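Right, one structure below, let's go through it.
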Amino acid sequence: MPKFLVQASYTAKGSEGLVKDGGTGRRDAVEQVTRSLGGKVESTYFAFGDVDLYSILDFPDNVSMAAVALAVKASGAIQTKATVLLTPEEIDAAAKKSVEFRPPGT
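In this text, residue positions in the sequence shown follow the working numbering: the first is 12, and each later residue adds one.
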């Protein structure tokens with residue numbers, strides 16, 4: 012199952028909701044939306060700085076992650092960025108693939 016690192020930043024509207032729901036309420040919302048598409052939450056943490064929330068999520072496929080990202084962003088309460096995470100074994104497999112590539116200008 013593909014694994015994703017999701018970084019979320021709350022808008023002013025989203026921050027108001029966070030204050031109302033609390034951190035555990037928002038964690039429960041992440042778990043609910045992830046489970047609704049056959050996924051699983053590995054971890055969720057709040058943070059200081061430009062990014063307010065970090066989650067590691069498993070989804071059955073990229074389309075499911077994209078569907079969640081679209082719905083969340085459309086709410087106007089949260090801006091997100093999802094990064095696909097690869098295992099060391101997946102990198103080993105990628106390193107064994109033959110790739111022909113011409114760098115720019117060569």
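Built from N, CA and C at the ideal position, the CB exists for glycine as well.
No experiment lies behind these values; they were computed from the predicted model shown.
- Its chain contains no residue whose beta carbon lies nearer than 6 Å to that of P99 once the 5 sequence neighbours on both sides are disregarded.
- The region 47-55 makes no contact with the region 101-117: fewer than 3 CB pairs, one atom from each, lie closer than 8 Å.
- Following the DSSP letters along the chain, one finds D69 inside the beta strand (DSSP E) bounded by residues L64 to D69.
- The alpha-carbon of L97 is positioned some 34 Å away from that of E27.
- Separation of V83 and E111 (C-alpha to C-alpha, rounded to the nearest whole angstrom) is 38 Å.
- A straight line joining the alpha-carbon of R38 with that of I102 spans about 31 Å.
- Counting of Cβ neighbours within 10 angstroms places A19 among the buried residues, the total reaching 16 or more.
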